[in-house]
Structure formats: C-alpha cells, structure tokens
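Novice: Dropping a structure here in structure tokens format, bear with me for questions.
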Amino acid sequence: MKQRCFWVSDSSLYKVYHDKEWGTPVFEDATLFEFLILETFQAGLSWVTILNKRENFRKAFDNFDYEKIAAYPAHKYESLLRDTGIVRNKLKIQSAIHNAQLFMDVQEEFGSFSKFIWAYVGGEPILNKFQSKAAIPATTPLSDTISKDMKRRGFKFVGATVIYAYMQAIGMVNDHTTGCFKYVGE
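First residue of the sequence shown: 3, per my numbering; consecutive thereafter.
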C-alpha cells in the first residue's frame, strides 16, 4: 500500500489529487489561474470542500477562462451568488473577477503569469524534507514576499497562508513528507 502525506483522507478524489497534482510543477497560465481561484476560495475552509466542488467551480467559472471571467457582467456575478454548487461568498466571487483582470495585467507585464510567479524560485521547485505535519509551515518568508507583491498589485484573498498553499499546489514547493511515495529527495 502506498504511503501518502498525512493530510490525505480515504477519499479517492483526495488520493488522486495528491498522487497526480499536488506538488507537481505547473507552468501553464490556465492551470495556474485555476489553482489561484481555488486557493482563494479555500481561504478559511478545508481543501477537501473545494476539491469536492471543483467540477462545479469549473462549470460556474467557464472552465476558469480568465479572459471571460475578467469581463463578467453584473448578471453573471448575481448568478454565481445563487449557484449552490460553489462557495457563495460575495467577496470571494468579486475577487475572482477582479483577480482575473489583474492576472492578465501580470501576463502583459511579464509575458506570462508563469514567468512572474516562477521567477520567485528561479524556475525550480523548492524541495523540502519535512518528516511530520508539525514541521510543515503555514507560511514562509517567501510566501510573505509573494503575498505582499500580489496585494500591492491589487490581488484579493492572497494572504501569505493562501499563497503558501498555492505554492504547494502548483509545485513551487514540494512538501511531500519524507515518508510519502511522492517525496523527492536528493
């Protein structure tokens, strides 16, 4: 039986997410945006809640098409507020639309969002060697720096904890614990 990170439940959805996505480097802007939206909606909630609603989010937010989301009219916002398949938080929905606009601003400035975000780690994932749940931080000085930069650019719901979770999700940091079959050691 595969040994996984401590946080993986018996949920097959969670296992697949852990085994196939979490900690795997992502460089495509579309996927980077998807994870940004999901992580911002996760703030204050459990990741499994968001993971269970991921397909609903995908449908509600036009397959995470940031160009469409950035141009959402008021009636689309109102329909999202009524969509029981997603997290119906007014501020988070507003931030998804707002962040889509800023995501494109970053693309324009840097050539891609990927170039912007991955520059913080020189294009290479940080490989950590955590052995236990207690060892894994909620934030790091780097997540603090990225959070501050994104907030300065106007992004919402991008506190240091959300950004660290984002970094883990997109593989900027590999926090698979040393006992996990996905651990990448030296």
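Glycine is no exception: its CB is placed at the ideal position from the N, C-alpha and C atoms.
V50 and Y16 look like a contact to me (Cβ under 8 angstroms); what is the Cβ gap, rounded to whole Å?
Specialist: Position 48 of the sequence shown, counted from the first residue, corresponds to residue 50. Position 14 of the sequence shown, counted from the first residue, corresponds to residue 16. Indeed they touch by this definition, with Cβ atoms about 6 angstroms apart.
Novice: Since I believe K158 is in contact with N101 (beta carbons under 8 angstroms), could you give me their beta-carbon distance rounded to a whole number of angstroms?
Specialist: Within the sequence shown, the letter at position 99 stands for residue 101. Within the sequence shown, the letter at position 156 stands for residue 158. With a Cβ gap of about 6 angstroms, N101 and K158 count as contacting.
Novice: Leaving out five residues on either side along the sequence, give the residues of the same chain with a beta carbon under 8 angstroms from the beta carbon of I119.
Specialist: In the sequence shown, residue 119 corresponds to position 117, counting from 1. Contacts found: L34, I148, I172 and M174.
Novice: Between G181 and the rest of its own chain, which residues show a CB-CB distance below 6 angstroms, the 5 nearest in sequence each way excluded?
Specialist: On the sequence shown, position 179 is the one that residue 181 refers to. So the qualifying residues of the chain are Q5.
Novice: Could you tell me the boundaries of the alpha helix (DSSP H) in which N101 lies?
Specialist: Here residue 101 refers to the residue found at position 99 when the sequence shown is read from its first residue. Start and end: K92 to F112.
Novice: The alpha helix (DSSP H) spanning N58 covers which residue range?
Specialist: Mapped onto the sequence shown, residue 58 falls at position 56. Boundaries of the alpha helix (DSSP H) harbouring N58: R56 to A62, taken from the DSSP string.
Novice: Keeping to the same chain, check which residues put their C-beta closer than 8 angstroms to that of Q44; ignore five residues upstream and five downstream.
Specialist: Along the sequence shown, one-based indexing puts residue 44 at 42. Same-chain partners within the cutoff: T51, I52, V164 and A167.
Novice: I71 and F63 look like a contact to me (Cβ under 8 angstroms); what is the Cβ gap, rounded to whole Å?
Specialist: Along the sequence shown, read from residue 1 onward, the residue named residue 71 stands at position 69. Along the sequence shown, read from residue 1 onward, the residue named residue 63 stands at position 61. About 6 angstroms; that satisfies the 8 angstroms criterion.
Novice: First and last residue of the alpha helix (DSSP H) that includes Y122?
Specialist: Locating residue 122 in the sequence shown gives position 120, counting from the first residue. Y122 -> no alpha helix (DSSP H), and no H or E assigned at all.
Novice: In the DSSP assignment, the alpha helix (DSSP H) including Y68 goes from what residue to what residue?
Specialist: Locating residue 68 in the sequence shown gives position 66, counting from the first residue. From DSSP, the alpha helix (DSSP H) with Y68 extends over Y68 to A72.
Novice: Measuring straight from C-alpha to C-alpha, what distance separates D67 and H77?
Specialist: Here residue 67 refers to the residue found at position 65 of the sequence shown. Here residue 77 refers to the residue found at position 75 of the sequence shown. Straight-line measurement puts the Cα of H77 at about 17 angstroms from the Cα of D67.
Novice: Could you work out which residue in M106, S48 and K55 is closest to D85 when comparing CA atoms only?
Specialist: Within the sequence shown, residue 85 is the residue found at index 83, counting from 1. With respect to the C-alpha of D85, the residue from M106, S48 and K55 having the closest C-alpha is K55.
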